[in-house]
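Colleague: First residue of the sequence shown: 89, per our numbering; consecutive thereafter. Every residue gets a Cβ at the ideal spot worked out from N, C-alpha and C, and that includes glycine. The structure presented is a predicted model; accordingly, all values stated were derived computationally and were not measured.
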Amino acid sequence: MAIIHVESHGNPQAISYRGAMGLMQIMPRTGAYYGARDLFDKQQNITAGARYLRALTIRHGGHTDLVIAAYNAGSGTIIKHGGRIPPYPETQRYVHKVASYRAAYCALPG
89 MAIIHVESHG NPQAISYRGA MGLMQIMPRT GAYYGARDLF DKQQNITAGA RYLRALTIRH
149 GGHTDLVIAA YNAGSGTIIK HGGRIPPYPE TQRYVHKVAS YRAAYCALPG
């Protein structure tokens, strides 16, 4: 939920200036790789996004902040920076925002 909130504010028709699409703002090639034919379809978008997050989680050893940073900046960027969050203000803000929303969602009752 936190990534959806930050990426698209819950708009399934969102398109970024870079071409990312749908709720989780998936790039078309990434979506196709993870089985999505229609990135504006909520179920396909979330399924592709979840599969991508799982792959990032495995690749980055389950370190949540690195997974979030990789979702934003790419795994190659994390590797290039020695397995750390890159010093890019956009990525650092993104990690902070997603982590904050994640904590808020986790604190909700039920």
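Determine, using beta carbons only, whether A195 and T179 come nearer to each other than 7 angstroms.
Modeller: Not a contact, by the Cβ cut-off of 7 angstroms.
Colleague: Can you name, in chain order, every residue of its own chain whose Cβ lies under 6 angstroms from the Cβ of Y122, other than the five neighbours on each side?
Modeller: Excluding positions up to five away in sequence, the list reads A136, R139, Y140.
Colleague: Given this structure, state the Cα-to-Cα distance separating G164 from Q101, to the nearest angstrom.
Modeller: Spanning the two alpha carbons is a distance of roughly 28 angstroms.
Colleague: Is the distance from the Cβ of E95 to the Cβ of M112 below 7 angstroms?
Modeller: For E95 and M112, yes; Cβs fall inside 7 angstroms.
Colleague: With distances taken Cα to Cα, identify the nearest neighbour of I129 among Y159, D153, G98.
Modeller: Rather than Ile, the amino acid found at residue 129 in this sequence is Asp. If we check each option's Cα against that of D129, G98 comes out closest.
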